[in-house]
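To keep things clear, I will list the structure first and then write my remarks on it.
Numbering (my numbering), first residue to last: 2 to 209.
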């Protein structure tokens with residue numbers, strides 16, 4: 002049995018399978034007060050490093066690329082996602098993970114449009130400013146890739162950095178080079194919310 006590849010920040014590894022679950026997990030530190038609502042998003046970027054349109058921004062309000070969330074997505078039979086990427090649903094307080102992934106995104110690389118060159122995986126804290134929360138109050142954060150053909154975890158990146166003021170983190174990214182998909186354990190922190198990433202990659206302008 003192949004061992005799990007434990008990645009370090011900056012590692013780039015070829016992905017030799019096409020049907021993937023990207024799982025992300027975390028635990029708030031004890032005694033941090035209000036519940037943490039951490040949200041995972043997948044940002045699909047084309048050759049010009051832009052989101053072609055808002056449908057390609059996969060998050061709790063657009064689970065499958067059809068601007069559906071929650072039951073709307075399931076009822077509309079978008080189990081694979083319009084662009085081969087599907088968010089499995091929002092976990093607003095981390096209580097449904099039971100020690101496993103808090104949120105996950107399922108990807109079929111064979112169905113991702115040819116113009117998409119990168120898929121960024123970003124985690125942000127909802128209401129961070131109002132609740133005075135940041136990733137310095139979160140521990141045991143990770144991103145992992147599972148091969149859905151056999152259910153085996155293939156690679157995992159555990160964030161060891163101390164993000165003392167950051168409210169958004171790019172955990173990692175899938176990117177295409179010479180028609181081959183690779184995974185980059187990026188681990189980049191931002192003192193920003195979800196709107197920042199939408200502005201950066203959709204409009205190309207950042208509002209302050």
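Ideal Cβ placement from N, Cα and C applies to all residues, glycine included.
Residue 60 sits away from residue 160, with the two beta carbons spaced by 9 Å or more. Contact between the region 164-182 and the region 52-67 is absent: fewer than 3 CB-CB pairs across the two stretches fall below 8 Å. Contact between the region 154-174 and the region 99-115 is not established, with fewer than three Cβ pairs separated by less than 8 Å. The distance from the Cβ of residue 158 to that of residue 173 is about 6 Å, consistent with a contact at the 8 Å cut-off.
For residue 109, the three-state secondary structure derived from DSSP is strand.
Inter-residue distance for residue 27 and residue 20 is about 24 Å (C-alpha atoms, whole angstroms).
Residue pairing by DSSP puts residue 181 in a beta bridge opposite 178. If only complete runs of 3 or more residues are kept, the region 110-189 shows the beta strand (DSSP E) at 117-126, 139-148, 153-159, 169-178 and 181-185, in order along the chain. Bounds of the alpha helix (DSSP H) holding residue 196 are 195-199.
Beta-bridge pairing by DSSP links residue 49 to no other residue.
Per DSSP, residue 66 lies in no beta strand (DSSP E) segment and is marked neither H nor E. Taking C-beta atoms as the reference points, residue 198 and residue 123 count as a pair closer than 9 Å. The three-state secondary structure of residue 56, taken from DSSP, is helix. Looking at the backbone, the Cα of residue 136 and that of residue 14 are separated by about 26 Å.
When only Cα atoms are considered, residue 102 and residue 48 end up about 31 Å apart. With 16 or more other CB atoms across the displayed protein chains lying within 10 angstroms of its CB, residue 63 is buried.
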